Amino acid sequence: MADTGLPANTPQDDTLVYFNNFYNNAGTVSYTQNEVDAVVGYFLKRGFDKVAAINTGGVILEQAKRDSIPVFKLLDTLEGINEVQLSNVIAQIINANRRKTSSIGYRQQSENQLFDQRNIIV
Numbered sequence: 000m001a002d003t004g005l006p007a008n009t010p011q012d013d014t015l016v017y018f019n020n021f022y023n024n025a026g027t028v029s030y031t032q033n034e035v036d037a038v039v040g041y042f043l044k045r046g047f048d049k050v051a052a053i054n055t056g057g058v059i060l061e062q063a064k065r066d067s068i069p070v071f072k073l074l075d076t077l078e079g080i081n082e083v084q085l086s087n088v089i090a091q092i093i094n095a096n097r098r099k100t101s102s103i104g105y106r107q108q109s110e111n112q113l114f115d116q117r118n119i120i121v
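Quick note: the sequence shown uses numbering that gives the first Met the number 0, first residue 0, plus one each step.
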């Protein structure tokens, strides 16, 4: 075989391997029904819409799996925080799992007053 100078594993080969193995894991369930119901129910109870609760629950389930902790333990750590704090935590978890070009932002009020603002008399 002649040396062509090309790498042995081309991007086309990687694509073929990916798509040939695409359906090998079809039908496997990663989460139990109890876990899914508990997570979705938690977010429904906290005032999320149904679609938002399902999508956020999926992110929480994935994060628990990545961190190798039970999802119920993760939900217990979220107890006792208010809605604003919950939104901030969820935004941080979602941002950790997204590309940096599409991160979710939230605004925090600045506690510092500028010198000029304090000296203006209306």
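C-beta: ideal position from N, C-alpha, C; glycine also.
Please read all numbers here as calculations on a predicted model, not as lab measurements.
Three-state class that DSSP yields for residue i in the structure shown
i	result
residue 30	coil
residue 78	coil
residue 59	helix
residue 101	helix
Nearest-angstrom Cα separation, counted from residue j out to residue i
i	j	result
residue 83	residue 95	18 Å
residue 100	residue 92	15 Å
residue 43	residue 51	9 Å
residue 134	residue 64	Outside the shown range of the chain (0 to 121) lies residue 134, about which nothing can therefore be said.
residue 77	residue 41	10 Å
residue 90	residue 30	22 Å
residue 46	residue 75	17 Å
Candidates the options, of which the one nearest residue i by Cα
i	options	result
residue 97	62, 53, 30 and 40	62
residue 60	38, 49, 47 and 75	38
Problem set entry | Three CB pairs or more closer than 8 Å across the stretch 68–85 and the stretch 30–40 | Yes, the stretch 68–85 is in contact with the stretch 30–40.
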